[in-house]
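Worksheet: the structure to be examined is printed underneath.
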Amino acid sequence: MSARGEGAGQPSTSAQGQPAAPAPQKRGRGRPRKQQQEPTGEPSPKRPRGRPKGSKNKSPSKAAQKVRFLKNLKRRWEGEVQNSEVNFDVSLQ
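full-length UniProt numbering applies: residue 1 is where the sequence shown begins, and numbers increase by one.
Written as structure tokens, this is what we have:
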């Protein structure tokens, strides 16, 4: 058979006791990763995801209130609203 794998041919460099020169590391493909930094101090709390609490419980803006007030005033003027149940107490200044 062949004497390649048995070491009967030329002695290898590691068998002589000399450390082999370290081969330079090959770079990986793509962008190199950022080195992780050690955290300093206490960690900041993570921000919650999604819609903030209470964001749906807002009153309409002043502009929207004014438009609503003017529409209701027009309806009352045209006679569409007979009862004074519509709240016209909103004072816009």
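Think of the CB as a built atom: it goes at the ideal place given N, C-alpha and C, for glycine as much as any other residue.
For residue i, three-class secondary structure by DSSP
| i | result |
| --- | --- |
| residue 78 | helix |
| residue 66 | helix |
| residue 71 | helix |
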